[in-house]
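Be aware that the sequence shown starts at 22, since it is given in this note's numbering, and climbs by one per residue.
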Amino acid sequence: MSDDLVEPQEADIVYETEEPVLYEVKDNVAWITMNRPKFNNAQNGQMTYALDDCFQRAVNDDAVRCIVLAGEGKHFSAGHDIGTPGRDVHKQFDNRLLVPPHVNKPAAELLYTREQEQYLGMCKRWRDAPKPTIAMVQGACIAGGLMLAWTCDLIVASEDAFFQDPVNPLMGIPGVEYFAHAYELPTRVAKEFLLLGERMPASRAYQYGMVNKIVPREELREAVAAWAGKLAGQPRLGNWLTKQAVNHVEELKGKSQAMTAVFHMHHFAHAQNDLVSGDSIGGVSGKSAAAANKKQAGE
């Protein structure tokens with residue numbers, strides 16, 4: 022096995038905004054809002070690290086008693102950025118975890134290293150934030166968008182929201198990196214969700230307990246603010262201990278170990294795609310993924 026490092030790949034990255042995430046504190050609630058509405062809040066590295074900055078800021082501020090994660094515009098998040106001018110796979114950021122730089126790693130090691138940091142690792146950290154978190158979901162919550170919503174303690178969705186992980190039918194990959202599917206959904210429903218990759222409306226997600234509350238879109242922020250305000254008024258240690266208690270039970274069911282195991286399957290699929298097609302996601306682009314999604318939904 023070659024252990025040689027490589028020269029980082031040159032990338033022509035054009036960010037459409039210097040503020041991919043907005044941050045506001047109101048009535049002891051931190052509102053963290055993804056701000057790439059032009060690209061349906063597709064997650065690039067710039068956004069992911071900005072999200073991490075905001076979560077850290079909210080945790081460090083004793084005046085903040087609850088955190089809301091939201092998305093600006095029509096959709097919560099279309100998932101990972103696989104095709105905008107701001108796609109920055111080959112850009113190195115200052116790592117937050119004990120993970121080495123990725124841009125000088127060859128072949129499959131590059132993505133494996135990057136996604137340990139930016140996807141699996143960061144999502145696990147946000148899930149364990151010592152303050153209650155609420156995801157405010159409208160429109161599409163697709164693939165990487167699921168990871169963000171699932172890290173939150175509560176999910177409030179608009180009536181027009183839908184949830185989807187189409188990466189198996191599109192790319193031959195067994196779900197996104199933060200593999201909570203089998204914990205968010207019953208076993209056969211999780212298999213259906215992954216194997217078919219079809220949209221799950223908020224109403225069905227609510228039936229399985231993946232969503233806590235559904236409201237009309239025009240009432241979404243008000244409903245989230247009401248819950249956030251209630252949580253912010255409760256004892257902070259009590260909220261933290263209660264959250265830890267439920268998360269601990271999930272760990273007794275093997276959640277983190279399962280995620281680690283499936284993360285390796287995920288990257289085996291990336292490597293297979295690269296060997297067969299020369300591209301880790303099988304040649305799928307943002308445009309082709311969106312077109313396939315709309316066709317499947319009959320739009």
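Backbone N, C-alpha and C fix where the C-beta goes; we use that ideal spot for every residue, glycine too.
The structure presented is a predicted model; accordingly, all values stated were derived computationally and were not measured.
The DSSP assignment places 66-81 as complete runs of the alpha helix (DSSP H) inside the stretch 42-89, in order along the chain (cut-off: 4 residues).
For LYS112, the secondary structure class from DSSP, reduced to helix, strand or coil, is coil.
Distance from the CA of ALA282 to the CA of ALA290, rounded to the nearest whole angstrom, comes to 13 Å. Per DSSP, the unbroken beta strand (DSSP E) holding GLN185 starts and ends at 183-185. MET143: member of the alpha helix (DSSP H) spanning 143-148, first to last residue. According to the DSSP secondary-structure assignment, HIS101 is paired through a beta bridge with GLN64. Relative to the Cα of THR134, the nearest Cα in the group ALA246, GLY304, MET55 and HIS285 belongs to HIS285.
Between the beta-carbon of MET68 and that of ARG57 there is about 6 Å, and that keeps the pair under the 8 Å contact cut. In the DSSP annotation of this structure, THR38 is not part of any alpha helix (DSSP H), being labelled neither H nor E. Between LEU216 and ALA313 the beta-carbon gap is near 15 Å, outside 8 Å, which marks them as no contact. The C-beta distance from GLY92 to ASN65 rounds to 14 Å, too long to meet the 8 Å contact threshold.
Annotation: MET22 is outside any alpha helix (DSSP H) and is labelled neither H nor E by DSSP. Fewer than three pairs of CB atoms, one per stretch, sit closer than 8 Å, so the stretch 39-59 makes no contact with the stretch 120-131. Residue range 165-171 is occupied by the alpha helix (DSSP H) that includes ALA170.
Between ILE103 and ALA310, the C-beta gap is smaller than 8 Å, which places the two residues in contact. Counting only unbroken stretches of 4 or more residues, the alpha helix (DSSP H) elements lying wholly within the stretch 249-299 are 257-273 and 276-298, in sequence order.
Where SER309 is concerned, the enclosing alpha helix (DSSP H) starts and stops at 307-317. By the neighbour-count criterion, in which a residue is buried when 16 or more other Cβ atoms sit within 10 angstroms of its Cβ, VAL50 is buried. The beta carbon of ALA292 lies closer than 7 Å to those of ALA129 in the same chain, with the five residues before and after it left out. Residue state for SER224 is assigned as helix, using DSSP reduced to three classes. By the Cβ rule, the stretch 177-187 does not count as touching the stretch 107-119, because fewer than three pairs are nearer than 8 Å.
The C-beta of VAL35 has fewer than 16 other C-beta atoms within 10 Å across all chains shown, which makes the residue exposed.
Counted as a single uninterrupted DSSP element, the alpha helix (DSSP H) harbouring LYS212 occupies residues 208-217. Less than 8 Å separates the beta-carbon of HIS111 from that of PRO29.
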